[in-house]
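In what follows, a single structure is set out as structure tokens and then discussed.
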Amino acid sequence: MRALSFLLTFLAVAVLVVGSIFWINRDTFLAVFQNRPAILEGSEWVEKTYSLGGLIEFMAEQPQHAALLSVPFRDISETDITDAHPESYRPEHGLAPSGDQANRRTPDPANGQRHHQAHDRTPGQRHDQATGRTPDPATGQAIRYRSDLMHPAGTLSNLMLAITYADLVTSGALDPDTQINTEKVSSFHIPGLDRRHQQTFRRWKSELPAPPTIDNLVRYLLRHNDPAAADFLFFFLGPDDVSAMTRQLGGGLIEPPVPQFGLRMTALEKPAGQSLSERLSALGSIDRSVFLVDAVAAAQRQWDQPRDVPEASIPSFQDQRTLHGLYPRLQPDRFADIIASIWQNTLISQAASEKLQQLLLRDPGDRLLAPHVHWYAAQFDERMSYLSGWSAAGKTKTPGFRVQIILAVDIPAGLWFHMNSNFMIQDFHNRMFYDPAIRTRSHDLLM
2 MRALSFLLTF
12 LAVAVLVVGS
22 IFWINRDTFL
32 AVFQNRPAIL
42 EGSEWVEKTY
52 SLGGLIEFMA
62 EQPQHAALLS
72 VPFRDISETD
82 ITDAHPESYR
92 PEHGLAPSGD
102 QANRRTPDPA
112 NGQRHHQAHD
122 RTPGQRHDQA
132 TGRTPDPATG
142 QAIRYRSDLM
152 HPAGTLSNLM
162 LAITYADLVT
172 SGALDPDTQI
182 NTEKVSSFHI
192 PGLDRRHQQT
202 FRRWKSELPA
212 PPTIDNLVRY
222 LLRHNDPAAA
232 DFLFFFLGPD
242 DVSAMTRQLG
252 GGLIEPPVPQ
262 FGLRMTALEK
272 PAGQSLSERL
282 SALGSIDRSV
292 FLVDAVAAAQ
302 RQWDQPRDVP
312 EASIPSFQDQ
322 RTLHGLYPRL
332 QPDRFADIIA
342 SIWQNTLISQ
352 AASEKLQQLL
362 LRDPGDRLLA
372 PHVHWYAAQF
382 DERMSYLSGW
392 SAAGKTKTPG
402 FRVQIILAVD
412 IPAGLWFHMN
422 SNFMIQDFHN
432 RMFYDPAIRT
442 RSHDLLM
């Protein structure tokens with residue numbers, strides 16, 4: 002009898018635990034159940050891509066799903082960079098406001114928008130455009146695979162926000178200690194999506210003696226890729242300035258960043274009787290410039306008159322995949338030239354380049370990579386069926402530095418889950434810096 006009582010108690014507790022786990026994660030379980038066909042698509046490649054060698058083979062055999070660039074450059078020494086900005090290796094550097102913050106002019110806190118000062122120049126005017134740079138073969142093989150084509154790249158174009166910010170700060174048009182309205186940032190949050198910025202704002206409120214500054218927000222964005230922070234920054238800096246900078250540096254080969262709020266709302270605000278799949282298909286068939294302008298306009302309305310946003314999840318993996326294919330596109334070759342010019346101190350001006358280095362430098366976060374690099378910078382983005390990333394690093398024993406861009410484009414959901422959960426794009430970037438065997442295999446299969 003005692004054994005039976007114990008067994009019943011054990012079963013009851015087990016059912017309660019399993020039920021609790023299911024209830025807490027019910028949305029995830031339901032999403033997986035509803036998307037079984039999408040998850041099975043591409044499953045034949047999952048077993049083959051448990052190694053980076055298998056991933057390289059996938060890229061070679063399925064070229065429509067990939068782009069890769071890994072190019073060495075020579076100019077400024079690694080010591081010049083890290084000696085100038087050693088504190089930038091600390092990911093949270095810059096959270097505390099500087100001591101003279103109270104003496105700086107601040108914008109109208111009611112809407113958080115900066116005071117636009119008169120510019121007698123176009124953003125980037127001082128820059129002799131960084132295209133056609135010759136890589137340095139002495140620092141390793143140059144690998145370019147489909148890097149001359151335009152590809153959807155998630156939010157990698159948010160780098161243009163940081164570049165515009167650095168230009169405005171170093172030209173004196175924007176005070177980096179300008180305080181921001183965090184409620185204005187939160188107005189771009191879409192329920193059902195990432196809420197990391199809210200946790201950060203609560204931490205800032207308890208840790209900082211004053212409201213966070215625009216510099217705090219930019220550093221946070223470059224570390225965590227928060228969509229609400231990016232959307233706020235787009236309007237705070239000024240859409241015209243951001244677009245002008247992108248045109249100046251991108252030469253038509255990099256589309257300006259577009260608020261994710263606007264991209265999503267443009268897709269979800271569909272005519273009555275039209276399914277989301279039909280809406281996305283229609284958006285994909287119209288002129289891209291029209292779609293992107295509409296997306297910016299949708300976000301502009303939220304900036305001008307913030308409103309509560311209803312739950313806006315997209316349950317279908319295929320619909321998510323289609324939406325992410327509409328995100329801003331870029332050509333890796335051109336994008337790499339811009340990144341390289343930052344580390345060569347030639348992007349816009351030396352002061353702007355050095356400011357960007359302060360913002361972008363980070364700890365490698367990989368104990369195998371760390372001994373091989375003297376400085377490191379990177380950004381990664383992952384969203385259903387798309388994995389994107391750029392990285393740059395100076396080798397410890399080799400002059401110059403290397404710039405890399407790796408894109409997994411429109412891949413099946415099952416393969417995406419496998420690659421994303423194993424951080425394969427980040428690992429690929431890191432191995433390309435220190436493992437000559439991976440670089441050689443990439444060169445042999447992709448060139």
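Numbering follows this note's numbering, with no gaps: position 109 of the sequence shown is 110. From the three backbone atoms N, C-alpha and C, an ideal C-beta is built for every residue, glycine too. As the structure is a computational prediction, the values presented were derived from the model and not from experiment.
Mark P192 as exposed unless 16 or more other C-beta atoms lie within 10 angstroms of its C-beta, in which case mark it buried.
-> exposed
Buried or exposed for D305, please, with buried defined as at least 16 other CB atoms from any protein chain shown within 10 angstroms of its CB.
-> exposed
Secondary structure at F74, three-state DSSP: helix, strand or coil?
-> strand
Measuring CB to CB, does P177 end up less than 8 Å from T214?
-> yes
For Q405, count neighbouring Cβ atoms within 10 angstroms of its own Cβ and tell me buried if that reaches 16, exposed if not.
-> buried
Report yes if the CB atom of I394 is closer than 8 Å to the CB atom of F434, and no otherwise.
-> Going by the sequence as given, residue 394 is Ala instead of Ile. Their beta carbons are under 8 Å apart, which means A394 touches F434 by this criterion.
Between the C-alpha atoms of N423 and T50, what's the straight-line distance to the nearest angstrom?
-> 11 Å
Using a Cβ-Cβ cut-off of 6 Å (strictly less than) and excluding sequence neighbours within five positions of S354, which residues of its own chain qualify?
-> I343, N346 and L348
Nearest CA to the CA of V259: which residue from R302, H373 and V297?
-> V297
Give the single residue among E58, V219, A229 and E256 whose Cα lies nearest to the Cα of R150.
-> Residue identity differs from the one stated: residue 150 is Leu in this sequence, not Arg. Nearest option by C-alpha distance: E256.
Closest to A174 by CA distance: which of A438, P212, N182 and F237 is it?
-> F237
Given T323 as reference, the closest of D367, E45, P153 and F74 once Cα atoms are compared = P153
Residue from S188, R75, T441 and Q142 with nearest C-alpha to V310 = S188
Can at least three beta-carbon pairs, one atom from the stretch 212-232 and one from the stretch 329-344, be found at a separation below 8 Å?
-> no
Could you tell me whether the stretch 157-172 touches the stretch 224-244, using the rule of 3 or more Cβ pairs below 8 Å?
-> yes
With DSSP run on the structure shown, which of helix, strand or coil describes G285?
-> helix
What residues in its chain sit with their C-beta under 7 Å from that of R384, if we drop five residues either side in the sequence?
-> G155 and H325
If we ignore side chains and look at the alpha-carbon of each, how far apart do W376 and L269 end up?
-> 42 Å
Please report the residue range of the beta strand (DSSP E) in which F434 lies.
-> From DSSP, F434 is part of no beta strand (DSSP E) but of the alpha helix (DSSP H) over M425 to Y435.
Beta-carbon gap between D48 and G415 smaller than 8 Å = Sequence check: residue 48 is Glu here, not Asp. Contact: no.
Measure how close the beta-carbons of D334 and R204 come, nearest whole angstrom, since I'm counting them as under 8 Å.
-> In fact, because the Cβ distance is near 39 Å, the residues do not count as touching under 8 Å.
CB contact flag (K271, F233, <8 Å) | no
Continuous beta strand (DSSP E) assignments of at least 3 residues falling wholly in the stretch 236-265 = none
Going by the beta-carbon positions, is the gap between I180 and P212 smaller than 8 Å?
-> What sits at residue 180 in the sequence shown is Gln, not Ile. Contact: yes.
For A394, which of helix, strand or coil comes out of DSSP?
-> strand
Starting from A67, follow its DSSP beta bridges and name the residues at the other end.
-> A409
Residue interval of the alpha helix (DSSP H) (run including Q351) = Q351 to L361
Identify every residue that forms a DSSP beta bridge with H375.
-> Paired residue(s): none; H375 is not in a bridge.
Could you tell me the distance, in whole angstroms, from the CA atom of S282 to the CA atom of A378?
-> 36 Å
For L327 versus L277, is the C-beta spacing smaller than 8 Å?
-> no
Determine the direct distance from the alpha carbon of M448 to that of P437, and round the result to whole angstroms.
-> 16 Å
N451 versus S386, N431 and L331, residue with shortest Cα-Cα distance = The chain is shown from 2 up to 448; residue 451 falls before or after that span and cannot be answered.
From which residue to which residue does the alpha helix (DSSP H) around I144 run?
-> Careful: I144 lies outside any alpha helix (DSSP H), inside the beta strand (DSSP E) at I144 to Y146.
Between Q321 and the rest of its own chain, which residues show a CB-CB distance below 6 Å, the 5 nearest in sequence each way excluded?
-> I315 and M385
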